[in-house]
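So the sequence shown is residues 225 to 435, counted in the working numbering.
Cβ atoms here follow ideal geometry from the backbone N, Cα and C, with glycine treated the same way.
Note sheet for the following structure.
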Amino acid sequence: MVEELKMNYGHLFEDALIQEINQVGTFKEVPEGHKMIEIGDYIKSIPLLISGAIKILREDNDGDELLLYFLEKGDTCAMTLTCCLGQTKSEIRAIAETDTKLIMIPVRKMEEWSAKYKSWRNFVFESYHNRLNEMLETIDSIAFLNMDERLLKYLKEKSRISEDNIIHNTHQQIAYELHTSRVVVSRLLKKLENQDKIELHRNNIEVINLD
């Protein structure tokens with residue numbers, strides 16, 4: 225685990241902190257689609273991603289989801305940090321977008337390391353900054369982009385995250401994450417196919433050229 229920590233976090237953390245993470249952290253492998261955090265859960269540990277990706281979702285009063293952002297290797301989740309500090313229930317849902325490896329850090333270490341290691345404090349502040357910017361991008365896309373532009377942005381991000389030009393989400397799943405209807409998604413996907421940007425297959429969407 226030390227080598228994976230150094231590979232992903234060695235440029236951020238000093239060796240002493242890497243060693244402490246190795247001592248108290250719990251290594252986990254979670255499969256694609258696994259629900260890691262549910263809305264209403266109490267957060268008992270902080271994730272540090274070694275590989276893979278996790279999608280962070282919000283839910284409205286009707287139970288409809290909205291994709292906020294993705295976590296990738298080298299990231300942690302600002303939402304979990306906030307819940308840890310305030311000892312409050314989670315307001316987000318976290319689901320593994322791909323097979324993911326991560327190290328779970330006990331909550332009690334967060335404040336201790338913030339006082340002990342400048343690199344940890346910087347990492348936490350940077351995480352807040354990055355996640356805030358990503359949520360602002362989500363808000364901007366809802367407020368200022370047409371649904372076809374939002375869908376195009378979504379497909380690009382999905383392809384980039386998975387490092388694959390095949391997207392396995394159904395039209396309904398995409399509709400949930402973009403907070404729209406399946407009919408709208410299907411119509412816009414067909415439009416993109418007519419523009420030779422994607423190819424629609426029975427169980428997947430093949431990305432051809434989204435530039």
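Taking 8 Å as the cut-off, decide whether the C-beta atoms of residue i and residue j are in contact.
i: residue 348; j: residue 268; result: no
i: residue 281; j: residue 273; result: no
i: residue 374; j: residue 413; result: no
i: residue 351; j: residue 292; result: no
i: residue 236; j: residue 343; result: yes
i: residue 341; j: residue 298; result: no
i: residue 364; j: residue 415; result: no
Give the single residue among the options whose Cα lies nearest to the Cα of residue i.
i: residue 314; options: 346, 373, 270, 416; result: 270
i: residue 327; options: 236, 381, 389, 275; result: 275
i: residue 277; options: 260, 283, 259, 296; result: 296
i: residue 345; options: 302, 387, 368, 319; result: 302
i: residue 427; options: 407, 420, 393, 417; result: 393
i: residue 400; options: 239, 283, 362, 238; result: 283
Report back the beta-carbon spacing between residue i and residue j to the nearest angstrom; my notes put them in contact at under 8 Å.
i: residue 248; j: residue 329; result: 7 Å
i: residue 391; j: residue 431; result: 7 Å
i: residue 230; j: residue 242; result: 6 Å
i: residue 409; j: residue 395; result: 5 Å
i: residue 382; j: residue 434; result: At roughly 10 Å, the Cβ-Cβ gap does not stay under 8 Å, so residue 382 and residue 434 are not in contact.
Looking at C-beta atoms only, is the number of pairs between the stretch 319-329 and the stretch 251-263 that lie closer than 8 Å three or more? yes
Mind the definition here: the stretch 336-343 touches the stretch 255-266 only if three or more C-beta pairs lie below 8 Å; say whether that holds. no
Threshold first: 4 residues or longer. Then list the alpha helix (DSSP H) segments lying entirely within the stretch 297-353, N to C. 302-310, 332-340
Report the start-end ranges of each alpha helix (DSSP H) in the stretch 359-407 that is 4 residues or longer and not cut off at the edges. 371-386, 395-402
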